[in-house]
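Trainee: In order, the protein sequence lines correspond to chains V and W. When we follow our numbering, the leftmost residue of the first sequence carries the number 1, and every step to the right adds one. When we follow our numbering, the leftmost residue of the second sequence carries the number 1, and every step to the right adds one. Let me begin by handing over the structure; questions about it come next.
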Amino acid sequence: RKEVEQDPGPFNVPEGATVAFNCTYSNSASQSFFWYRQDCRKEPKLLMSVYSSGNEDGRFTAQLNRASQYISLLIRDSKLSDSATYLCVVNTKAAGNKLTFGGGTRVLVKP
Amino acid sequence: DAGVTQSPTHLIKTRGQQVTLRCSPKSGHDTVSWYQQALGQGPQFIFQYYEEEERQRGNFPDRFSGHQFPNYSSELNVNALLLGDSALYLCASSLDMGQGSYEQYFGPGTRLTVT
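Given below as structure tokens:
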């Protein structure tokens, strides 16, 4: 089983719609969680950290469910520019400061 | 404020050769991590350098080695290149806080092609 698993998609989303997707992690000792965005042939860019209480940044909302070991990302009012691959990232302090990435979820927003 | 920089941007090598990739961290950061990203996959952790020492290593063979300099910049060396080493190599920098969220910021990557 992979440490961090994501549905690869693609999620085809009409412009203006809401899309949500999850990521599961296997190590219950994981402490820090992030969503990164990666455009084609570019580097990953930090989208948001995920906090235990859940957090929102504009049209983006992240949730953490420690009991079920998953995190989620919801995008409201999707824009064409939201088309990208979204990488779920987990850090386990016991494993040192290394990030473990999921394979990414591809989102395509269409007019 | 300069972000993470990497050089070169692209590189073509032949099987069996050796390659050195370079990374300068974001200003104020002291920790450098290296990742390999094959096409269609998420980045895989190679190793991390802090205080000029390798602090953590992923599941990569000894052909992959690195170094961190006193100015926090870093090099990744790969010996005896294989076709399977073709990938995007990403450098990420962060500030070691002992505790905390460990946010890492990535450079644009070096795209290595082994023929």
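Even glycine gets a Cβ: it sits at the ideal position worked out from N, Cα and C.
Which value, in whole angstroms, describes the spacing of the CA atoms of W:Ser33 and V:Gly16?
Mentor: For the purposes of this step, residue 33 of chain W is taken as the residue at position 33 of the second sequence. For the purposes of this step, residue 16 of chain V is taken as the residue at position 16 of the first sequence. Straight-line Cα distance between these residues: approximately 37 Å.
Trainee: Quick one: Cα of V:Leu64 to Cα of V:Val89, how far?
Mentor: Taking the first residue of the first sequence as 1, we reach residue 64 of chain V at position 64. Taking the first residue of the first sequence as 1, we reach residue 89 of chain V at position 89. Computed Cα separation, rounded: 12 Å.
Trainee: Does the separation of the CB atoms of W:Glu103 and W:Ser94 fall below 8 Å?
Mentor: Here the question's residue 103 of chain W lines up with position 103 in the second sequence. Here the question's residue 94 of chain W lines up with position 94 in the second sequence. Against a cut-off of 8 Å, the Cβ pair of W:Ser94 and W:Glu103 comes out as a contact.
Trainee: Take every Cβ of the region 45-54 of chain W, pair it with every Cβ of the region 64-75 of chain W, and state whether three or more of those distances are shorter than 8 Å.
Mentor: At 8 Å Cβ cutoff, the stretches touch.
Trainee: With 9 Å as the limit, tell me which residues of the region 16-47 of chain W have their beta carbon closer than that to any beta carbon of chain V; keep them in chain order.
Mentor: Within the region 16-47 of chain W, the residues whose Cβ lies closer than 9 Å to some Cβ of chain V are Thr31, Ser33, Tyr35, Gln37, Gly40, Gln41, Gly42, Pro43, Gln44, Phe45 and Phe47, listed in chain order.
Trainee: I need the DSSP call for V:Lys110, collapsed to helix, strand or coil.
Mentor: Along the first sequence, one-based indexing puts residue 110 of chain V at 110. Three-state DSSP puts V:Lys110 in a strand.
Trainee: Please return the same chain residues whose Cβ sits closer than 6 Å to the Cβ of W:Tyr72, not counting the five positions on each side in sequence.
Mentor: Taking the first residue of the second sequence as 1, we reach residue 72 of chain W at position 72. Pro25 and Asp30, listed in sequence order.
Trainee: Output needed for W:Asn59: all residues of its chain with C-beta closer than 6 Å, excluding positions within five of it in sequence on either side, in chain order.
Mentor: To locate residue 59 of chain W, count along the second sequence from 1; it is residue 59. Cβ within range, chain order: n/a, list empty.
Trainee: Could you work out which residues of chain W lie near V:Gly16, taking near to mean beta carbons separated by less than 8 Å?
Mentor: Translated into positions along the first sequence, residue 16 of chain V becomes position 16. Here the premise fails: no neighbours, minimum Cβ distance about 29 Å.
Trainee: Write down the C-beta distance between W:Pro43 and V:Pro44 rounded to the nearest angstrom, noting that I regard them as a contact closer than 8 Å.
Mentor: Stepping through the second sequence from its first residue, residue 43 of chain W is reached at position 43. Stepping through the first sequence from its first residue, residue 44 of chain V is reached at position 44. That belief holds up - the Cβ atoms of W:Pro43 and V:Pro44 are roughly 7 Å apart, short of 8 Å.
Trainee: Quick check on V:Glu3 - is its C-beta less than 8 Å from some C-beta in chain W?
Mentor: Position 3 of the first sequence holds residue 3 of chain V. Closer than 8 Å: no.
Trainee: With C-beta atoms as the reference, is V:Ser72 less than 8 Å away from V:Phe21?
Mentor: Along the first sequence, one-based indexing puts residue 72 of chain V at 72. Along the first sequence, one-based indexing puts residue 21 of chain V at 21. Yes. Within cutoff.
Trainee: Where does the unbroken beta strand (DSSP E) through V:Asn22 begin, and where does it stop?
Mentor: Here residue 22 of chain V refers to the residue found at position 22 of the first sequence. Val19 to Tyr25 is the extent of the beta strand (DSSP E) around V:Asn22.
Trainee: Suppose you measure from the CA of V:Ser30 to the CA of V:Arg59; what does that come to, to the nearest Å?
Mentor: Taking the first sequence and counting its residues from 1, the one referred to as residue 30 of chain V is at position 30. Taking the first sequence and counting its residues from 1, the one referred to as residue 59 of chain V is at position 59. Distance between the alpha carbons of V:Ser30 and V:Arg59: 26 Å.
Trainee: Measuring alpha carbon to alpha carbon, tell me which of W:Thr115, W:Val114 and W:Thr110 ends up nearest W:Arg22.
Mentor: The count along the second sequence starts at 1 and reaches residue 22 of chain W at position 22. Nearest option by C-alpha distance: W:Thr110.
Trainee: Tell me which residues share the same chain as W:Gln18 and place their Cβ nearer than 8 Å to its Cβ, disregarding the 5 neighbours each side in the sequence.
Mentor: Position 18 of the second sequence, counted from the first residue, corresponds to residue 18 of chain W. So the qualifying residues of the chain are Asn77, Val78, Asn79, Ala80 and Leu81.
Trainee: Exposed or buried, V:Arg37, counting other C-beta atoms within 10 Å across all chains shown (16 or more means buried)?
Mentor: Residue numbering aside, residue 37 of chain V sits at position 37 when the first sequence is read from its first letter. Per the 10 Å Cβ criterion, buried.
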